[in-house]
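Peer 1:
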Amino acid sequence: MRTKKFVITCLAIVISVTGNLPVLASPVQGQSKLHRQKRAVAGQYIVKFRDDISKAEIRQIADGLNLRNLPVLHLYSRAFNGFAIRMSAEQAQDLSQDGRVEYVEEDAVMALTEVAAAPCSTAAGDGHIPTCISQQTPTWDLDRMDQSTTTLDSLYTQTGTGKNVNVYVMDTGILTTHPDFQGRATAVYDAINDGNGGTDCNGHGTFSAGLIGGYEYGVAKEANLKSVRVLDCSGGGTTSGVIAGIDWISTNAPISSIVNMSLGGDANTPLDTAVENAISLGFIYVVAAGNNNIDVAEVSPARVSSAITVGSIDSLDNVADFSNYGTLVDYYVPGVDVISAYTGETGRAIGSGTSFSAPLVAGLFAVQLELALDPMVGAQTAANILEANAFGNLAVDPDSTGSSDPSGIAATNIGKLKNFNIGKLKNF
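Just add 255 to the spot in the sequence shown (first one is 1) and you have our numbering.
#1: By alpha-carbon positions, which one of R558, E361, S567, V542 ends up nearest to L289?
#2: Let me check one thing: in DSSP terms, what residues is A360 bridge-paired to?
#3: Measure the CB-CB distance between Y540 and I563 and report whether it falls below 8 Å.
#4: Note the first and the last residue of the continuous beta strand (DSSP E) segment covering D521.
#5: Counting only runs that start and end within the stretch 500 to 583, where is the beta strand (DSSP E) found for 3 or more residues in a row?
#6: Below 8 Å on the Cβ atoms is my contact criterion, and I expect L328 with R341 to pass it. Report the Cβ-Cβ distance as a whole number of Å.
#7: Taking a contact to mean a Cβ-Cβ separation below 8 Å, would you say S612 touches G590 in this structure?
#8: Report the three-state DSSP secondary structure of A464 (helix, strand or coil).
#9: Going along the chain, which residues of its own chain have a beta-carbon closer than 7 Å to the beta-carbon of L536, five neighbours each way excluded?
#10: Would a C-beta distance cut-off of 8 Å place A544 and S578 closer than the cut-off?
#11: At a cut of 8 Å, does the stretch 459 to 469 reach the stretch 608 to 627 through at least three beta carbon pairs?
#12: If distances are taken between C-alpha atoms only, which option among E477, H459, Y300, G492 comes closest to Y597?
#13: Determine whether the beta carbon atoms of S512 and Y423 lie at a separation below 8 Å.
#14: Would the stretch 426 to 443 count as touching the stretch 525 to 533 if we require 3 or more Cβ pairs under 8 Å?
#15: Would you identify the three-state DSSP class for T494, choosing helix, strand or coil?
#16: Please say whether G428 and S482 have beta carbons closer to each other than 8 Å?
#17: Helix, strand or coil for S612, going by three-state DSSP, please let me know.
#18: For a test of the three-state rule: what should DSSP assign to H433, helix, strand or coil?
#19: Among all the DSSP beta bridges, which residues are the ones paired with G452?
#20: I'd like to confirm the pairing. Which residues does DSSP put opposite R341 in its beta bridges?
#21: Any idea if K293 is buried or exposed, counting beta-carbon neighbours within 10 angstroms, 16 or more meaning buried?
#22: According to the neighbour-count rule (16 or more other Cβ atoms, all chains shown, within 10 Å of its Cβ), is D445 buried or exposed?
#23: Let me check one thing: in DSSP terms, what residues is L350 bridge-paired to?
#24: Measuring only the C-alpha atoms, how far is N457 from G491?
#25: Would you mind reading off the limits of the beta strand (DSSP E) that contains K310?
#26: Which whole-angstrom value describes the C-beta separation of I568 and V588, a residue pair presumed to lie in contact below a C-beta threshold of 8 Å?
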């Protein structure tokens, strides 16, 4: 008992019996450090401490709050200097005034970035659900990925398969037993804790994983797919849960790993910070631009400049009418009526959205990473190979308004992808 009492006293955040936080360490006066969110999760907050506050001190604070029935939901260890907690608005305001706290922000809703996904029709296309094409030929999006124009050749040719490369899929989980994954998909983390483990009870995560590394539908057909489940069966989640997934990857995954995030929400500083910190460690984050037909600067985590942000084009290389746009979008790739693996009886579905464009780019990165890590190839040669064979997918948006320029396919962003990868991969 003496030890517990000592710990709580040392916190310098003395919590009364009623649960308020009346006494603070070096309280800060002036502008409020409590940030609001448009789609807040009631009673949940993310606390960001100053960078000079140690993990040990933050853990000590969290332990003291837990003892006073203020449950800490996630204690972050690497990607974010702080924790997520359940408390009242008054308590959050009090905590934000602690001198060690940089800010407190309301937890927020995160969601999928798909427009629609539905099981493939076995009958003739009705204009809404087109007939699934024969898998003896590649799906149109794969066929487009290795072409320099919209003229397709019914072939998908790629140098490299992403073998031995880990791609972490932050989503609704993965149906790891789906035959398209050939045993390469595993569940490694679940932030939802609803009893489903890493199992995909929605379909979105399986669809995304199929585009990354499915044998029939994927770009990197031998990549290892790791499920980091941060969205529930309805496709919803929270900022704090997504950050927990990022933190788990940052702590447990090899640095030379790719992370796909086909999710998003309103502009969110804690989430952006976590992604930026993870990228600074050496991880490659590929993020869906979002489907609101607005500037991507308004949404997170797509607005993170160091992430690879991906919008959607249709089969005519027009930027999809739903796709977000702007100078922070790095690439536009197929994202309209694409087919991939899915849960349910059919085992495949057709869908649209930037959710299904980002995984294609994540697959390209997996292919390049495999080649770059091969001592017989190397980063420079890997980039050259991809530039020659796999950049037909990169549409440009010259005026940053969501209007594509088909004549500029692969003309602008090749250098950015090439330079980004060389700079990252040479350190692996």
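Each residue gets a CB set at the ideal place from its N, CA and C atoms; glycine is no exception.
Peer 2: So, to answer that:
#1: Here residue 289 refers to the residue found at position 34 when the sequence shown is read from its first residue. Residue E361 is the option with its Cα nearest to L289.
#2: Taking the first residue of the sequence shown as 1, we reach residue 360 at position 105. Per the sequence shown, the amino acid found at residue 360 is Glu instead of Ala. H290, I301.
#3: Locating residue 540 in the sequence shown gives position 285, counting from the first residue. Locating residue 563 in the sequence shown gives position 308, counting from the first residue. Closer than 8 Å, so yes.
#4: In the sequence shown, residue 521 corresponds to position 266, counting from 1. It spans 518 to 521 - the beta strand (DSSP E) in which D521 sits, taken as one unbroken run.
#5: 513 to 516, 518 to 521, 539 to 543, 563 to 568
#6: Mapped onto the sequence shown, residue 328 falls at position 73. Mapped onto the sequence shown, residue 341 falls at position 86. With a Cβ gap of about 6 Å, L328 and R341 count as contacting.
#7: The sequence position of residue 612 within the sequence shown is 357, counting from 1. The sequence position of residue 590 within the sequence shown is 335, counting from 1. In this structure, G590 lies closer than 8 Å to S612 by Cβ.
#8: Looking up residue 464 in the sequence shown gives position 209. Correct three-state label for A464: helix.
#9: Translated into the one-based positions of the sequence shown, residue 536 becomes position 281. Around L536: S505, I510.
#10: Translated into positions along the sequence shown, residue 544 becomes position 289. Translated into positions along the sequence shown, residue 578 becomes position 323. Result yes, Cβ atoms of A544 and S578 sit closer than 8 Å.
#11: yes
#12: Residue numbering aside, residue 597 sits at position 342 when the sequence shown is read from its first letter. Taking only the C-alpha atoms, the option nearest Y597 is H459.
#13: Taking the first residue of the sequence shown as 1, we reach residue 512 at position 257. Taking the first residue of the sequence shown as 1, we reach residue 423 at position 168. Their beta carbons are under 8 Å apart, which means S512 touches Y423 by this criterion.
#14: no
#15: Taking the first residue of the sequence shown as 1, we reach residue 494 at position 239. Reduced to three states, the DSSP call for T494 is helix.
#16: Looking up residue 482 in the sequence shown gives position 227. Looking up residue 428 in the sequence shown gives position 173. Yes, they are a contact pair.
#17: Translated into positions along the sequence shown, residue 612 becomes position 357. If DSSP states are grouped into helix, strand and coil, S612 belongs with coil.
#18: Position 178 of the sequence shown, counted from the start, is the residue given in the question as residue 433. Coil.
#19: The residue labelled residue 452 in the question sits at position 197 within the sequence shown. Answer is none; G452 lacks a bridge partner.
#20: Along the sequence shown, one-based indexing puts residue 341 at 86. DSSP output for R341 lists Q299 as bridge partner(s).
#21: Stepping through the sequence shown from its first residue, residue 293 is reached at position 38. By the 10 Å Cβ count, K293 comes out exposed.
#22: Taking the first residue of the sequence shown as position 1, residue 445 is located at position 190. Buried, since its Cβ has 16 or more Cβ neighbours within 10 Å.
#23: Position 95 of the sequence shown, counted from the start, is the residue given in the question as residue 350. According to DSSP, L350 bridges with nothing at all.
#24: Here residue 457 refers to the residue found at position 202 when the sequence shown is read from its first residue. Here residue 491 refers to the residue found at position 236 when the sequence shown is read from its first residue. Taking the straight line joining both Cα atoms gives about 10 Å.
#25: On the sequence shown, residue 310 is found 55 positions in, with the first residue counted as 1. Where K310 is concerned, there is no enclosing beta strand (DSSP E), although the alpha helix (DSSP H) it sits in stretches over 310 to 322.
#26: Here residue 568 refers to the residue found at position 313 when the sequence shown is read from its first residue. Here residue 588 refers to the residue found at position 333 when the sequence shown is read from its first residue. Right, their Cβ atoms sit about 7 Å apart.
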